[in-house]
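Here's the structure we're looking at; comments come further down.
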Ligand code: SF4
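In the UniProt record's numbering, the protein residues as written are 1 to 452.
Below, the structure written as C-alpha cells:
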C-alpha cells in the first residue's frame with residue numbers, strides 16, 4: 001500500500017486520528033518548553049551535529065577503536081553486514097547457551113532486522129519488555145513510533161487487550177493498574193531468561209563501553225538477571241569520547257519526551273565474573289547511505305522521534321502508513337535508501353515545512369533531503385500523469401497568451417465539469433484534496449478594475 005492509501009485508511013477513524021494528532025502535539029509542546037529552559041540549547045545542537053559529522057568522516061577508524069577497546073574489556077565483538085547476518089549471529093549465541101527464551105528491551109535495529117519473527121521461527125520465545133513494545137507484540141503489530149511504540153492505541157484498547165492476555169479486570173482502564181499487571185507478568189519472564197538482548201544508544205570508541213537508555217529500567221532488569229547480554233548496535237551509533245556523551249544525553253530525552261533526562265542511562269563496559277557480553281555491529285545499508293553524499297548526514301540520527309512528533313503528516317497519518325520500521329520524516333529519508341521503489345511515496349509524505357529540521361537535536365536537514373529524494377525518485381519512478389502535466393504547465397507558463405487562454409478555460413471547466421471528471425484518478429492534484437473554489441475574476445481583471 002502506498003503512503004497516501006495507508007494514510008487514507010488511518011483517517012477513516014476521524015476521532016482517533018484527531019486524538020493521535022493532539023497527543024503527539026502535546027509531546028512536541030513539552031519538548032519546546034523544556035528546551036527553552038536551557039540557554040545553550042542551540043549550542044548543544046550545533047555541537048552534537050559537529051561531533052556526528054566528525055564520526056561520519058572517520059567512521060571506520062572509530063569502529064575499529066571501539067572494537068579493540070571493547071575486546072580488551074572482555075566483550076565479544078561481532079560484525080553483521082545485514083539483517084540476516086545479524087539474526088544468524090544472535091541465534092548462534094542462543095544455541096550455544098541452549099537458550100529457548102529471551103527478554104529484549106527496545107531496539108529499533110532488531111525491528112529493522114526482523115529479529116523477533118526470525119527467532120520465533122527457530123523456536124525461541126521472545127518477550128519484548130518495554131511496556132509499549134509488549135503491548136504491540138501482544139497484537140502482533142510492529143511499533144508505530146520509535147520512542148512511543150503504542151502511541152496509536154488508546155487506554156480502552158489496552159485495557160481490553162490486557163483483559164484478554166493478562167486476565168485483568170474487564171473495563172478497568174486505570175493506567176497504574178494496567179502497568180502493575182504488566183509489571184507482574186514481565187517479572188516472571190525476566191526471572192526465567194538466560195539471555196537478554198538490548199539495543200545500544202551510544203558506543204564510545206575511546207573506552208569500548210556502550211550506553212543503553214530506557215525509561216522503565218527494563219534493559220537493566222533483563223541484563224542483570226541474565227547470564228548473557230547481547231547488544232545490537234547500528235554502526236552509526238559510535239561517539240568518539242565519553243565526554244561527548246553529556247551533549248547527547250542532554251538533547252535526547254528533552255527532544256524525545258520533554259524530560260530532562262532518560263530515567264536509566266546504563267553504561268556497559270565489561271561482563272561480570274561468569275557472564276558474557278556480546279555486541280553485534282550492524283551495517284544493513286548504513287555504509288551505502290554514507291556513500292550518498294546528499295543523504296549521509298541522516299546517519300547522525302539519535303532516534304529521538306522529535307521529527308515525528310512535530311510532523312503534520314505523521315501526526316495525521318499514523319506510523320503504520322509509512323510501512324517502514326522507522327516512520328516519519330527521518331524514515332522517509334532512510335527507507336528509500338534501502339528500497340527506492342518500495343518506499344517511493346514516502347519522501348512525498350511531507351509538506352516540506354521544515355519543522356522536522358527545526359526540532360532535530362543533531363540538526364539534520366531533513367526537509368531538504370526529502371526534497372532531494374523527490375527529485376531522485378521522480379527520475380526513476382515518477383508518475384507519468386504528473387510528469388506530463390509539468391511539461392504542459394512549463395509550456396503554458398512560458399507564453400502569456402497560452403497562460404491567459406488556459407486560465408480562462410480551466411476556470412470555466414472547474415465550474416461546469418462534473419466532480420467525477422475533475423477528481424478523475426489521472427488528476428494527481430485532485431487525489432486526497434479538494435481543489436480551490438474558482439474565483440469569479442482573474443487577478444489581472446481585479447487589478448485593472450481596482451488600480452487607482
Ligand atoms: S532525525 Fe533528528 S529529530 Fe528525527 S529521530 Fe533522528 S535525531 Fe530525532
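Don't be surprised by glycine CBs; every beta carbon is placed ideally from N, CA and C.
Beta-carbon proximity check, residue i vs residue j, cutoff 8 Å
{"i": "residue 81", "j": "residue 244", "result": "no"}
{"i": "residue 340", "j": "residue 327", "result": "no"}
{"i": "residue 146", "j": "residue 278", "result": "no"}
{"i": "residue 386", "j": "residue 317", "result": "no"}
{"i": "residue 266", "j": "residue 220", "result": "yes"}
{"i": "residue 212", "j": "residue 237", "result": "no"}
{"i": "residue 364", "j": "residue 301", "result": "yes"}
{"i": "residue 102", "j": "residue 239", "result": "no"}
{"i": "residue 331", "j": "residue 320", "result": "no"}
{"i": "residue 65", "j": "residue 205", "result": "yes"}
{"i": "residue 257", "j": "residue 30", "result": "yes"}
{"i": "residue 173", "j": "residue 269", "result": "no"}
{"i": "residue 222", "j": "residue 193", "result": "yes"}
{"i": "residue 114", "j": "residue 232", "result": "no"}
{"i": "residue 336", "j": "residue 356", "result": "no"}
{"i": "residue 179", "j": "residue 215", "result": "no"}
{"i": "residue 119", "j": "residue 91", "result": "yes"}
{"i": "residue 69", "j": "residue 207", "result": "yes"}
{"i": "residue 310", "j": "residue 28", "result": "yes"}
{"i": "residue 166", "j": "residue 191", "result": "no"}
{"i": "residue 361", "j": "residue 45", "result": "yes"}
{"i": "residue 100", "j": "residue 125", "result": "yes"}
{"i": "residue 465", "j": "residue 281", "result": "Because residue 465 is not part of the residues shown, which for the chain are 1 to 452, the question remains open."}
{"i": "residue 442", "j": "residue 407", "result": "yes"}
Rounded straight-line distance, which links the Cα of residue j to that of residue i
{"i": "residue 152", "j": "residue 298", "result": "26 Å"}
{"i": "residue 260", "j": "residue 314", "result": "25 Å"}
{"i": "residue 56", "j": "residue 421", "result": "51 Å"}
{"i": "residue 306", "j": "residue 334", "result": "16 Å"}
{"i": "residue 374", "j": "residue 349", "result": "10 Å"}
{"i": "residue 296", "j": "residue 290", "result": "4 Å"}
{"i": "residue 195", "j": "residue 354", "result": "43 Å"}
{"i": "residue 3", "j": "residue 424", "result": "19 Å"}
{"i": "residue 105", "j": "residue 24", "result": "23 Å"}
{"i": "residue 254", "j": "residue 399", "result": "53 Å"}
{"i": "residue 133", "j": "residue 439", "result": "51 Å"}
{"i": "residue 389", "j": "residue 312", "result": "27 Å"}
{"i": "residue 9", "j": "residue 242", "result": "46 Å"}
{"i": "residue 271", "j": "residue 347", "result": "43 Å"}
{"i": "residue 21", "j": "residue 275", "result": "45 Å"}
{"i": "residue 410", "j": "residue 288", "result": "46 Å"}
{"i": "residue 19", "j": "residue 142", "result": "20 Å"}
{"i": "residue 419", "j": "residue 430", "result": "10 Å"}
{"i": "residue 137", "j": "residue 202", "result": "25 Å"}
{"i": "residue 168", "j": "residue 73", "result": "45 Å"}
{"i": "residue 149", "j": "residue 358", "result": "23 Å"}
{"i": "residue 352", "j": "residue 164", "result": "43 Å"}
{"i": "residue 234", "j": "residue 52", "result": "14 Å"}
{"i": "residue 371", "j": "residue 325", "result": "21 Å"}
{"i": "residue 159", "j": "residue 33", "result": "31 Å"}
{"i": "residue 286", "j": "residue 157", "result": "37 Å"}
Proximity test, residue i beta-carbon vs the ligand SF4 heavy atom, cut-off 7 Å
{"i": "residue 349", "result": "no"}
{"i": "residue 200", "result": "no"}
{"i": "residue 360", "result": "yes"}
{"i": "residue 113", "result": "no"}
{"i": "residue 304", "result": "yes"}
{"i": "residue 238", "result": "no"}
{"i": "residue 366", "result": "yes"}
{"i": "residue 34", "result": "no"}
{"i": "residue 311", "result": "no"}
{"i": "residue 255", "result": "yes"}
{"i": "residue 307", "result": "yes"}
{"i": "residue 301", "result": "yes"}
{"i": "residue 108", "result": "no"}
{"i": "residue 330", "result": "yes"}
Give a yes or no on contact between the segment 182-191 and the segment 125-139, applying the rule of three or more CB pairs nearer than 8 Å. yes
Within 8 Å, do at least three Cβ pairs link the segment 248-255 to the segment 30-40? As far as the Cβ criterion goes, the segment 30-40 touches the segment 248-255, which means the pair count is three or higher.
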